[in-house]
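Data first, discussion second: the structure below is written as C-alpha cells.
Residue numbers (the working numbering), protein chains in the order written: chain S, 166 to 485; chain D, 166 to 485.
This is the structure we're talking about:
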C-alpha cells in the first residue's frame, strides 16, 4: 500500500475498443481493480450471422483478461481461424473476421440474451468467467447504433469500418436510439458517487467510441454534474491515430488534426487533457488543464505508467 | 461405362448419420452420383446455443464430401476445438461438442433459415458448396422431433444420445410432428419416378434414424407403392451395432438382437435385407429376400464393394 496510485477510491473509465482498453488495463493494474468501473461503448454492436457482436466490450474484456493479441491489434491471442475457412468454403458471409475462440463470446452472449438476460448481466457473467476483477458495463442495455453519412451514403458502423475499411469520407455521425437509451444503472451510480476519485476518458476514437457514450442524456448529465476530475487522454500522436480512423475523421469533420482537436470536442465536459509528449502543447483551451505524457502503450509497463500519470493528474486537480 | 453398377438409373437412399452415410458415399462412388438422392433423417435436429443443428444431414454431407473424420467416427477431419475450449472457459453449455470448422455448417444453416430459406434449400446450397454431386434432401422441411420414453422419463433425442450417453432404458419412441410433416418434394418425386432402379435403406439405426423417415405418411406410402426393389442393409454385425445404441434398443424394445430383428421391423416395406457375412442367415421372413455380404465399411473400398453388391441385389430382384 506504499504505491500512492493504489490509495485512492473508485475510478470510472469511458472506453471504446482496443486503444482505450489498453489504458483501462493500465488503470486496473495500478489501482485496486475492484474500484475500477469501465463504461464501454456499445454503439458498434451489431448482429452478424445471427450472433450478437459487441466488439468494444470484447476488446475491453480481452485486454483486462490478458487475452488480447499483441501483434494483430484486435481479437484474441493464440487465435485460430478454422471456422472462417469453413464458412468461406460454404460461401457464407466472410467479410467480418471471427476467430474460433472469439466466436465463443458471441455465441454465449447471444444465447444469454435470447434467454432474457440484459447485455449488462451477460457482460458481467463473461468478465467474471474470465477472472477480471474490474467491473465492465455497457453504456446501456438498450440498443444504440452508430450510423455515418458519407460520400457513399449512410453506412452502418461495421459496414463503414470493416467492409469499406473507413475509406468513405464522413460528413455526419448519428447514434440511433441514443436519445431514448437508458444509461446502465451501475454507470450512473458510479458517476454520482461522492467518493469518486476520477473519471478517465480513455484514448479511444472521440467520434465513434466516446461520443456515443456522451450521447446518452443521462450519462452526459451525470458527467457534467460529477464532482470528480474528468481527465481525457489523446488517441492522436503526431497527427496520427495509433489505430483506426480518428485522425481521418478529425480532418473530414473539419477539426484540428491533433490532440487539441480532440480536446476541443470534449471541452465543457473535461477538466484536463493529456496530449502526447511528441506533440506541441496547443493554445489554451478554456477550463481544460493540458498535460503532456507518453501516451503510446506498447507494453504493460507503458500502460501502467500512463495510468499512474493520469491518476496523479486527477489527484492534483482534486487537491488530493 | 463397362462397370455394370454405373449403368443403372436413379437410386434413392434412406439414411441416418455416420454408419448409413458410409453406404451413401459408397453408392455415390459406384454409380452416376447425380442419379443418387439421399433422403436424410432430420428428427435428431435440434437448436443448441441458438444454432440449428442437423447432425445426420451434416454426417451425410461430410461423408459425401470426403470430410468425415475417420478415427473419431463423427464430425470433420482435421478439426480443431478452440471454440469449445473458450466456451467452457466462459462456463457456457459444453455438453454438445462443436468443432471449429463444423460450427460453420450450423451458423450458415441458421443464418439461411432465419433469412427464410427452407431446410431443403439450405441443405442443397451446402452440398453444392462442398462440391457434392449426389443430391441430399432432408426427409421434410417441417420440424419432426424424436422423443424417447425411458426409465429416466421422456427425453429429447440429443439429451438421450449425448447427455445421457444412451444409458437410460428405452420403452417407447415418438416422432413429434411426423404425422403432420410434409415429405420433401424431391424425395416424393424420386420415389414415384417410374425409372427408379432401387431404394436402399442404409445401415442406420432403425429406431431413431430410419423409422422417423418412415413415420412421414407420404414417404411411407410412396415407399409401399414404389415399383423399384427396396433393399435394406443391417446396422448390426454379430449382435453389435458398429456405433450407437441400435443393439441396445433392439434388446430393450423386445426385438431379436441381430440383423433379423431389424429385418423384421422393415418387413412389408422391403424386398431384400442384407445381413452381415459374420452372422447366420435367420429363419425366412415373409416377402424378404435375405442376402449375406461384408457390411463392415472400414475404408472406401469396402463402401464401394457393399454398394455394388446392394445394387446388384436390387438389379437381380428387378430382373434387370
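Glycine included, C-beta positions come from ideal geometry on N, C-alpha and C.
Please read these numbers as outputs of a predicted model, since none were measured by experiment.
Using 10 angstroms around the beta-carbon of residue i, count the other beta-carbons present and answer buried if the total reaches 16, otherwise exposed.
{"i": "residue 468(D)", "result": "buried"}
{"i": "residue 217(S)", "result": "buried"}
{"i": "residue 362(S)", "result": "buried"}
{"i": "residue 176(D)", "result": "buried"}
{"i": "residue 481(S)", "result": "exposed"}
{"i": "residue 178(D)", "result": "buried"}
{"i": "residue 256(D)", "result": "exposed"}
{"i": "residue 330(D)", "result": "exposed"}
{"i": "residue 284(S)", "result": "buried"}
{"i": "residue 337(D)", "result": "exposed"}
{"i": "residue 384(D)", "result": "buried"}
{"i": "residue 271(D)", "result": "buried"}
{"i": "residue 200(S)", "result": "buried"}
{"i": "residue 107(D)", "result": "Missing from the structure shown is residue 107(D); chain D here goes from 166 to 485 and no further."}
{"i": "residue 173(S)", "result": "buried"}
{"i": "residue 371(S)", "result": "buried"}
{"i": "residue 237(S)", "result": "exposed"}
{"i": "residue 360(D)", "result": "exposed"}
{"i": "residue 415(D)", "result": "buried"}
{"i": "residue 317(S)", "result": "exposed"}
{"i": "residue 368(S)", "result": "buried"}
With distance defined between alpha-carbon atoms, name the residue in the options nearest to residue i.
{"i": "residue 375(D)", "options": "176(D), 186(D), 175(D), 261(D)", "result": "186(D)"}
{"i": "residue 183(D)", "options": "208(D), 344(D), 226(D)", "result": "226(D)"}
{"i": "residue 474(S)", "options": "207(S), 443(S), 437(S)", "result": "437(S)"}
{"i": "residue 233(S)", "options": "463(S), 304(S), 431(S), 476(S)", "result": "463(S)"}
{"i": "residue 442(S)", "options": "399(S), 420(S), 412(S)", "result": "399(S)"}
{"i": "residue 332(D)", "options": "282(D), 270(D), 323(D)", "result": "323(D)"}
{"i": "residue 209(D)", "options": "236(D), 414(D), 220(D)", "result": "220(D)"}
{"i": "residue 242(D)", "options": "273(D), 264(D), 466(D), 201(D)", "result": "264(D)"}
{"i": "residue 476(S)", "options": "192(S), 261(S), 403(S)", "result": "192(S)"}
{"i": "residue 215(D)", "options": "173(S), 277(S), 254(S), 444(S)", "result": "277(S)"}
{"i": "residue 406(D)", "options": "393(D), 422(D), 418(D)", "result": "422(D)"}
{"i": "residue 459(S)", "options": "401(S), 483(S), 435(S)", "result": "401(S)"}
{"i": "residue 353(S)", "options": "294(S), 479(S), 381(S)", "result": "381(S)"}
{"i": "residue 269(S)", "options": "280(D), 250(D), 212(D)", "result": "250(D)"}
{"i": "residue 273(S)", "options": "254(D), 281(D), 320(D)", "result": "254(D)"}
{"i": "residue 408(D)", "options": "293(D), 229(D), 235(D)", "result": "235(D)"}
{"i": "residue 448(S)", "options": "434(S), 465(S), 294(S), 428(S)", "result": "428(S)"}
{"i": "residue 496(D)", "options": "320(D), 211(D), 395(D)", "result": "Residue 496(D) is absent from the model: chain D starts at 166 and stops at 485."}
Alpha helix (DSSP H) containing residue i: first to last residue?
{"i": "residue 421(S)", "result": "Where residue 421(S) is concerned, there is no enclosing alpha helix (DSSP H), given that its DSSP letter is neither H nor E."}
{"i": "residue 300(D)", "result": "Residue 300(D) -> not in any alpha helix (DSSP H); beta strand (DSSP E) instead, spanning 300–303."}
{"i": "residue 385(D)", "result": "382–390"}
{"i": "residue 311(D)", "result": "First-last for residue 311(D): 310–315, but that is the beta strand (DSSP E), not the alpha helix (DSSP H)."}
{"i": "residue 364(D)", "result": "Note, residue 364(D): premise wrong, no alpha helix (DSSP H); beta strand (DSSP E) at 363–366."}
{"i": "residue 185(S)", "result": "183–195"}
{"i": "residue 248(D)", "result": "247–254"}
{"i": "residue 348(D)", "result": "Residue 348(D) -> no alpha helix (DSSP H), and no H or E assigned at all."}
{"i": "residue 282(S)", "result": "Segment: none, residue 282(S) is in no alpha helix (DSSP H) and carries neither H nor E."}
{"i": "residue 379(S)", "result": "376–379"}
With respect to the beta strand (DSSP E) encompassing residue i, which residues constitute its N-terminal and C-terminal limits?
{"i": "residue 213(D)", "result": "211–213"}
{"i": "residue 456(S)", "result": "454–458"}
{"i": "residue 176(D)", "result": "176–180"}
Going by the beta-carbon positions, is the gap between residue i and residue j smaller than 8 Å?
{"i": "residue 327(S)", "j": "residue 313(S)", "result": "no"}
{"i": "residue 309(D)", "j": "residue 205(D)", "result": "no"}
{"i": "residue 267(S)", "j": "residue 240(S)", "result": "yes"}
{"i": "residue 288(D)", "j": "residue 378(D)", "result": "no"}
{"i": "residue 304(D)", "j": "residue 357(D)", "result": "no"}
{"i": "residue 189(S)", "j": "residue 180(S)", "result": "yes"}
{"i": "residue 393(S)", "j": "residue 364(S)", "result": "yes"}
{"i": "residue 366(D)", "j": "residue 411(D)", "result": "no"}
{"i": "residue 461(S)", "j": "residue 440(S)", "result": "no"}
{"i": "residue 300(S)", "j": "residue 472(S)", "result": "no"}
Mind checking who residue i pairs with in its DSSP beta bridge?
{"i": "residue 450(D)", "result": "453(D)"}
{"i": "residue 319(S)", "result": "314(S)"}
{"i": "residue 476(S)", "result": "DSSP lists no partner for residue 476(S)."}
{"i": "residue 204(D)", "result": "179(D), 302(D)"}
{"i": "residue 233(S)", "result": "241(S)"}
{"i": "residue 216(D)", "result": "213(D)"}
{"i": "residue 438(D)", "result": "397(D), 455(D)"}
{"i": "residue 339(D)", "result": "312(D)"}
{"i": "residue 465(S)", "result": "The partner list for residue 465(S) (beta bridge, DSSP) is empty, contrary to what the question assumes."}
{"i": "residue 402(S)", "result": "405(S)"}
Please confirm whether any heavy atom of the ligand MN lies closer than 7 Å to the CB of residue i.
{"i": "residue 340(D)", "result": "With respect to the ligand MN, the structure shown offers nothing to examine, as it has no ligands at all."}
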